[in-house]
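In our numbering, the protein residues as written are 258 to 581.
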């Protein structure tokens, strides 16, 4: 019988991370601010609340994160119909996606936990049996790194991400400054689906090449998708992902803390949490979902998202916390 368990990772610097086996979720990231452990993410105090969470708080999303238009795709001459859980679309892997399942814990130590999940052929409409693993590791220099791996016995799309909402100890994400190493983003329609066009961020509301205060950008934005209450929910194309260059940097000037995101993923979905509601509140946290391009399986020109038998899916996301 599946039961909810948590696993605590800690280091000698006073950083503490709590991982749940349900949805392979990050429940909490505590980082010292003026020697006081301070929560960096949005979450529930009561772990059982995650069993009914609809916001993907801290969750591992899959098989395919983000949206698949029309909840369908064609692969190797066969049409696949997927679970619809976002109107006519498939979001984060369908109605019974990876964030809503109990993962098996393979091992756990003081600074690492490894979880795995088996997904059968036809799961949510996807082809192939997939074996997925995620390794959470907390280093001595305050890096929380998640390493995803997966194999399949039939060609299938794979796109895993983490869905933490960060506020770095602030009441919401609006006073945070954000910088994204991206020269372009995916144009999307008003249903958050990509059109297939990759647009330059230059001289636009989507330019984060220098630190930008999130609330000020939302207040001054002229783009019609940003002038209403929905805020950012857009996919940014990372400039040549590199291990030694941050894909994004999020900072709290008040708390004098910053989080640098490193990844080998192709893009970051920026979501400013406009749809959070009670017991949470809109804009309470910002998501920086490192992942492959949204709806890549339906756009041949997008970064490949297909995993084939004999191949191994390997991706990582690393959050590095520092005092500034």
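Using N, Cα and C, we set each Cβ at its ideal position, and we do this for glycine too.
1. Applying the criterion that 16 or more other CB atoms from any shown protein chain within 10 Å of the CB defines a buried residue, is residue 459 buried or exposed?
2. When you compare each of 368, 328 and 361 to residue 376 by their alpha carbons, which one comes out closest?
3. Using a 10 Å radius around the Cβ and a threshold of 16 neighbouring Cβ atoms, would you call residue 261 buried or exposed?
4. Do you know whose CA, among 424, 501, 505 and 561, lies nearest residue 464's CA?
5. With 16 other CB atoms within 10 Å as the buried threshold, where does residue 388 fall?
6. What is the DSSP secondary structure of residue 493, counted as helix, strand or coil?
7. At the level of alpha carbons, what is the spacing between residue 310 and residue 490?
8. What's the gap between the Cα of residue 342 and the Cα of residue 316?
9. With distance defined between alpha-carbon atoms, name the residue in 393, 516, 525 and 468 nearest to residue 496.
10. Once DSSP output is grouped into helix, strand and coil, what is the label at residue 550?
11. Is the Cβ-Cβ distance between residue 540 and residue 431 less than 8 Å?
12. Whole angstroms is fine: what's the gap from residue 352's alpha carbon to residue 318's?
13. Between residue 479 and residue 307, what straight-line distance do the alpha-carbon atoms span, to the nearest angstrom?
14. Beta-carbon within less than 8 Å of residue 282's beta-carbon, same chain only, minus the 5 sequence neighbours each way: which residues are those?
15. For residue 320, tell me which candidate among 312, 348, 335 and 333 has the shortest Cα-Cα distance.
16. Near residue 542, which residues of its chain fall below 6 Å by C-beta distance, leaving aside the five closest residues on each side in sequence?
17. For residue 507, is the classification buried or exposed, using 16 other Cβ atoms within 10 angstroms of its Cβ as the cut-off for buried?
18. What are the uninterrupted segments assigned as beta strand (DSSP E) that are 3 or more residues long and contained completely in the region 423-470, given in chain order?
19. In angstroms, rounded to a whole number, what distance separates the CA positions of residue 363 and residue 438?
20. Residues in its own chain within less than 6 Å of residue 435 by CB, not counting five upstream and five downstream?
21. Expressed to the nearest angstrom, what Euclidean distance is found between the alpha-carbon atoms of residue 346 and residue 488?
22. Looking only at C-alpha atoms, which of 477, 374 and 366 sits nearest to residue 279?
23. Decide yes or no for the touch test of the region 390-409 against the region 261-275: beta carbon pairs closer than 8 Å, at least 3 of them.
24. Output yes or no for whether 8 Å exceeds the beta carbon distance between residue 354 and residue 385.
25. By DSSP, does residue 518 sit in helix, in strand, or in coil?
Well, looking at it:
1. Label assigned to residue 459: exposed.
2. Answer by Cα proximity: 361.
3. With fewer than 16 other Cβ atoms from the protein chains shown falling within 10 Å of its own Cβ, residue 261 counts as exposed.
4. Considering only alpha carbons, the answer is 505.
5. With fewer than 16 other Cβ atoms within 10 Å, it is exposed.
6. Shown here, residue 493 sits in a strand according to DSSP, grouped into three states.
7. Looking at the two C-alpha atoms, the distance is approximately 20 Å.
8. Distance between the alpha carbons of residue 342 and residue 316: 17 Å.
9. When each option's Cα is compared against that of residue 496, the closest is 525.
10. Coil.
11. Cβ atoms of residue 540 and residue 431: closer than 8 Å.
12. Put simply, the backbone Cα of residue 352 is about 12 Å away from that of residue 318.
13. About 36 Å.
14. Only residues of its own chain outside the window of five on either side were considered, and among them 276, 307, 314, 315, 316, 317 and 356 have a CB closer than 8 Å to the CB of residue 282, listed in chain order.
15. The residue with the shortest Cα to Cα distance from residue 320 is 348.
16. Sequence-distant partners of residue 542 (beyond 5 residues in either direction) whose C-beta falls short of 6 Å from its own C-beta, in its chain, are 299, 422, 423, 424, 430 and 530.
17. With 16 or more neighbouring CB atoms inside 10 Å of its own CB, residue 507 falls in the buried class.
18. DSSP runs (the beta strand (DSSP E)) wholly in the region 423-470: 434-437, 439-445 and 451-457.
19. One C-alpha to the other measures close to 35 Å.
20. Within the same chain, residue 435 has close Cβ partners 465, 469, 471 and 507.
21. One Cα belongs to residue 346, the other to residue 488, and the distance between them is close to 20 Å.
22. Taking only the C-alpha atoms, the option nearest residue 279 is 374.
23. Yes: the two stretches touch, three or more of their Cβ pairs being nearer than 8 Å.
24. Not closer than 8 Å, so no.
25. It is a strand residue.
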